[in-house]
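To start, the structure under review is shown below, and the notes come after it.
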């Protein structure tokens with residue numbers, strides 16, 4: 001029995017494993033993108049988690065403290081909003097394409113920039129080349145109240 | 001052990017026991033059985049198997065041990081030969097049996113491995129199909145019910161929090177894409193400047209700031225040729241935003257210049273004579289190429305100076321030709337210089353080369 005017999009199976013195993021990985025990521029992405037929990041729901045969940053967390057894990061080493069993580073991330077986010085003056089009111093993301101090496105996502109944002117409302121849409125392309133991941137923004141379209149064209153052109157040239 | 005368990009095979013060409021080389025006519029056939037042991041003590045072990053096989057051979061390969069062994073070893077003449085012959089043959093058989101055993105084992109292992117692989121493939125196929133069905137159902141639900149899809153079952157606290165974590169991280173990623181983002185640290189903030197050129201993201205640089213008692217740069221990953229200290233001196237204490245903005249301008253411009261030079265080298269190395277010379281800040285680039293006019297070729301030397309460090313286009317593009325040829329090429333040189341000053345380097349070069357080619 002030579003190794004080529006194994007190779008056929010091993011190749012299929014690799015393909016299947018890749019496909020499974022992609023499918024699970026796709027499932028997770030769609031799940032994330034199509035779910036929404038309001039701030040109140042998040043707050044309630046945090047309280048509940050705290051109770052469960054303290055109850056079960058008292059005395060044991062710290063497992064993943066989701067509540068702390070959420071709070072830390074929210075602190076970072078609110079700092080950035082204050083610092084940059086960019087406040088994002090709504091953000092939606094949709095995965096258009098996903099293969100082993102390439103992901104394309106469509107982003108829709110709207111918010112205020114220094115109290116000037118804006119909304120924009122773009123596509124984000126991520127390509128994996130050997131070990132490097134390169135990211136590029138394409139199809140950028142910005143809508144802003146008239147009168148701020150200089151800023152738009154600067155932004156676009158980015 | 002095998003030797004004693006395997007049946008004695010027929011010797012090739014030996015039709016009857018008499019033909020077996022192990023069997024020799026003995027002058028004293030009725031020697032007592034123990035005789036051999038007395039005379040050849042040191043070789044007892046070797047002879048013992050020999051004895052048995054002899055007797056087996058003498059009984060048509062029956063494999064049974066008769067009561068009276070032949071005193072074969074006594075025969076001077078054929079003694080050494082036949083003992084070695086038998087030994088050799090036995091060794092060969094033993095080796096054969098051993099090999100057969102190994103082959104058998106190997107075959108079993110190969111079959112086991114194949115079974116394992118087959119089972120794994122089945123398992124993965126099932127999982128893949130299950131996931132496919134899940135995703136299809138998801139997509140169908142989305143189409144039916146526009147917008148929000150919530151689980152019929154009440155989501156656990158963990159699910160909600162995990163969702164929130166992902167959601168905030170997505171927003172933070174958007175900030176990263178704007179070019180300036182950051183993270184709070186114990187002693188201050190660590191800012192990240194993510195540079196880009198024409199939509200493609202390039203390097204990211206970090207500046208770790210301490211905020212008490214005064215704002216100070218604790219650590220950074222800004223290259224030495226960027227005038228960080230100068231910029232910090234001017235703006236860090238009074239206006240952090242301005243500091244970051246100016247620093248980002250410098251970094252973006254540097255990265256943009258470097259990217260253009262890299263692209264030129266990557267795509268046009270065959271059209272450049274020699275190599276592209278550049279300094280670390282990439283604000284001085286020198287290279288040579290050849291132009292042709294009136295079906296004659298002339299070398300051009302280009303020196304690009306980027307006077308404004310926050311700009312990724314050169315402020316000066318000096319083209320030199322071999323002395324004496326300038327009058328002829330002045331117009332072309334001026335045109336080329338102009339192109340270099342107004343367009344990204346690799347695009348400008350592409351344009352000029354193609355224009356050349358179309359003119360012949």
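Protein chains in written order, with UniProt numbering: chain A, 1 to 158; chain B, 1 to 360. Each residue gets a CB set at the ideal place from its N, CA and C atoms; glycine is no exception.
So what's residue 103 of chain A in DSSP terms, helix, strand or just coil? DSSP places residue 103 of chain A in strand when its eight states are reduced to three.
Starting from residue 188 of chain B, follow the beta strand (DSSP E) in both directions and report where the run begins and ends. 188-197
Along chain A, which residues have their Cβ under 8 Å away from the Cβ of residue 365 of chain B? A query on residue 365 of chain B cannot be resolved here, the shown segment of chain B reaching from 1 to 360 and no further.
Once the 5 residues before and after residue 205 of chain B are set aside, which same chain residues still bring their CB inside 6 Å of it? 193, 221, 222, 251
Could you give the DSSP three-state label for residue 340 of chain B: helix, strand or coil? helix
Do residue 285 of chain B and residue 225 of chain B count as a contact pair if the criterion is CB distance below 8 Å? no
Nearest CA to the CA of residue 347 of chain B: which residue from B:301, B:265, B:299? B:265
Give a yes or no on whether the minimum CB-CB distance between residue 181 of chain B and chain A is below 8 Å. yes
Where DSSP assigns a beta bridge to residue 277 of chain B, which residues make up the other side? B:286
Looking at residue 182 of chain B and residue 210 of chain B, is the spacing between their C-beta atoms short of 8 Å? no
Relative to the C-alpha of residue 41 of chain A, which candidate in B:337, B:156, B:296, B:218 has its C-alpha closest? B:156
Please compile the residues from chain A whose C-beta is within a distance smaller than 7 Å of the C-beta of residue 199 of chain B. 136, 137, 138
With burial defined as no fewer than 16 other Cβ atoms inside 10 Å of the residue's Cβ, what is the status of residue 320 of chain B: buried or exposed? exposed
Would you say the segment 106-117 of chain A touches the segment 88-96 of chain A, given that touching needs at least three Cβ pairs under 8 Å? yes
Could you give the C-beta distance for residue 332 of chain B and residue 291 of chain B, rounded to a whole number, given that I count them as a contact under 8 Å? 6 Å
Return the first residue and the last residue of the beta strand (DSSP E) that residue 98 of chain A is part of. Residue 98 of chain A -> beta strand (DSSP E) spans 86-98.
Mind pulling the chain A residues with CB within less than 8 Å of residue 171 of chain B? Neighbours of residue 171 of chain B on chain A, chain order: 77, 88, 91.
Output, in sequence order along the chain, the residues in the segment 106-130 of chain A whose CB is closer than 8 Å to any CB in chain B. 107, 109, 124
Per DSSP, cross-strand counterpart(s) of residue 184 of chain B: The bridge partners DSSP lists for residue 184 of chain B are B:189.
Strand pairing of residue 206 of chain B, partner residues [DSSP]: B:192
In three-state terms, what does DSSP make of residue 143 of chain A? strand
Tell me, please, whether the segment 23-36 of chain A touches the segment 162-173 of chain B by the rule of three or more beta-carbon pairs shorter than 8 Å. yes
Beta carbon of residue 200 of chain B, beta carbon of residue 68 of chain A: below 8 Å? no
By DSSP, does residue 32 of chain B sit in helix, in strand, or in coil? The predicted model places residue 32 of chain B with a pLDDT of 45, which falls under 50 and marks its position as unreliable, so this point remains unresolved.
For residue 60 of chain B, does the count of other Cβ atoms within 10 angstroms reach 16, so buried, or fall short, so exposed? Note that residue 60 of chain B has pLDDT 46, beneath the 50 cutoff, so the model's placement of it is unreliable and no number is given.
Chain A contact residues for residue 160 of chain B, given Cβ-Cβ distances below 7 Å: 37, 41, 42, 45
Which residue wins for smallest C-alpha separation from residue 13 of chain A, given the options B:241, B:356, B:231, B:124? Distances from the CA of residue 13 of chain A to each of B:241, B:356, B:231, B:124 were compared; the closest alpha carbon is that of B:124.
Residues of the segment 17-37 of chain A with Cβ closer than 8 Å to any Cβ of chain B, in chain order: 17, 19, 20, 23, 24, 26, 27, 30, 31, 32, 34, 35, 36, 37
Just to check my reading of the structure: residue 106 of chain A and residue 123 of chain A have Cβ atoms closer than 8 Å, yes? What is that Cβ distance to the nearest angstrom? Right, their Cβ atoms sit about 5 Å apart.
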